[in-house]
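Just so we're aligned, residue 1386 is where the sequence shown starts under this note's numbering, counting upward by one.
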Amino acid sequence: MKPQIGTVKSLMPYAMCALPSVAILTLAAFSKIEGTVFTTALTASLLFCALPLVLNYLSRFHTVKYGSAELHMIEKQVEKLASSLESVQEQGSTFNKHNKAFNDARDKVRQILMDEPEAQIEFRLLVVSMRYSLEYLKKDFVVLARDYPQAKLDWKICMTAPEYLEKLKLDTRECDWAELGRIALGKLENLKKQIAEKRIPAALGIEYRLYDAIPQWHGLLVRVNSPAEDHLYLGRTDWRIRIGSDPVLTVGSNPYRYFNPSTEAGRRHIDSFRHWFSIFERWSNLASNSPAEEKSELSKS
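Next comes the structure, spelled out in structure tokens:
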């Protein structure tokens, strides 16, 4: 019967260690070494033979101890840690430009719809004049509604009233926020008309309200109902103050930060955004044809 290859390989360490032992004993025998020297040679040869046995025993002991249940548990802990690290790395990540933030939101929504074509997704948009976000709604999310007509893409928008912006006497050389707001309202009404005429699938729903304030925080909250998940793209408004000139308002050109509920900081930012959106919605004038007393779904959650 031929020996198995694995058996031969497993015997190789013993053979390699036995060779010096045989050499020592042969040398002792032919040299007629006696007494203490022969005893030393014999002891050394036995140690050489015993060494692989000891090492193999220890190796098998640790393999059995850590290679089954405990090793499996360690692997699970490592996977969990890696997942947590990935979430932490994504959590609070910064988008230096508005287009990167909205592109990321669009990509996440498309992936959700690819996995679940009938997903119900709520969008809560808190803005000043929709300077940048309007184009994403008109293009990217209209396309998504056409690609996934069985889904529900429910947009609720709170926007600063153009008349209020006009009263603030802002610097209009770089951006006329009041005029942009009026243009946005006209385009939103046009979108609503196209939905009513079924030129855009009813998968896309739009409701907007106007409020008399400039939000310190603005952005987009994407909420998936089932399975429940939140994605927040949070921006800040800011000012450039020039002596002798009207203040310059900056909004969407400022960085955005991304948050999800996987960490305490993410949950805190998402809850704060929801609360502020609910308050602005409560204080606003209804600017769409939905009932004025209708409450936001976010305020219920």
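Beta carbons: idealized from backbone N, C-alpha and C, even for Gly. In this text, all values refer to a predicted model and were calculated from it rather than measured experimentally.
- The distance from the Cβ of Phe1658 to that of Leu1617 is about 6 Å, consistent with a contact at the 8 Å cut-off.
- Here Val1633 is actually not in contact with Val1513; their C-beta atoms are around 13 Å apart, not less than 8 Å.
- By the beta-carbon neighbour count (other beta carbons within 10 angstroms, threshold 16), Arg1608 is buried.
- By the Cβ neighbour-count rule, Leu1553 is exposed, with fewer than 16 other Cβ atoms within 10 Å of its own.
- Distance from the CA of Lys1577 to the CA of Leu1570, rounded to the nearest whole angstrom, comes to 11 Å.
- In its chain, beyond the 5 residues on either side, Cys1543, Arg1594, Leu1595 and Tyr1596 have a beta carbon closer than 7 Å to the beta carbon of Ser1669.
- Per DSSP, reduced to three states, the secondary structure at Gly1629 is coil, with no helix or strand assignment.
- Going by beta carbons, Arg1516 and Cys1560 fall inside the 8 Å limit.
- In this structure the region 1487-1502 does not lie against the region 1578-1585, because fewer than three pairs of beta carbons, one per stretch, are closer than 8 Å.
- Closest in alpha carbon position to Pro1547, among Ala1563, Arg1667 and Ile1655, is Ala1563.
- Per DSSP, the beta bridge partners of Val1512 are Met1544.
- Exposed is the label assigned to Arg1653, since fewer than 16 other Cβ atoms lie within 10 Å of its Cβ.
- Leu1589 is a Cβ neighbour of Phe1526, given a cutoff of 8 Å.
- With contacts defined by Cβ atoms closer than 8 Å, Asp1532 and Phe1508 do not form a contacting pair.
- Per DSSP, the unbroken alpha helix (DSSP H) holding Glu1564 starts and ends at Trp1562 to Ala1581.
- DSSP, read as helix, strand or coil, puts Tyr1643 in strand.
- Nearest Cα to Phe1662 within the set Pro1612, Asn1645 and Leu1605: Leu1605.
- Taking Gln1601 as reference, the option from Leu1619, Tyr1549, Lys1572 and Ser1478 with the minimal CA-CA separation is Leu1619.
- Beta-bridge partners of Trp1661 (DSSP): none assigned.
- Residue pairing by DSSP places Arg1608 opposite Glu1507 and Asp1615 in a beta bridge.
- For the pair Asn1639 and Arg1667, the CB atoms are not nearer than the 8 Å cut-off.
- Straight across, the Cα-Cα distance linking His1483 with His1603 is about 12 Å.
- At the C-beta level, Leu1519 and Val1494 stay beyond 8 Å of one another.
- Residue pairing by DSSP places Leu1538 opposite Ile1506 and Leu1589 in a beta bridge.
- Around the beta carbon of Asp1615, a 10 Å sphere encloses 16 or more other beta carbons of the protein chains shown; the residue is thus reported as buried.
- Distance between Ile1585 and Ser1630, taken at the CA atoms: about 44 Å.
- The beta carbon of Ala1598 lies closer than 6 Å to none in the same chain, with the five residues before and after it left out.
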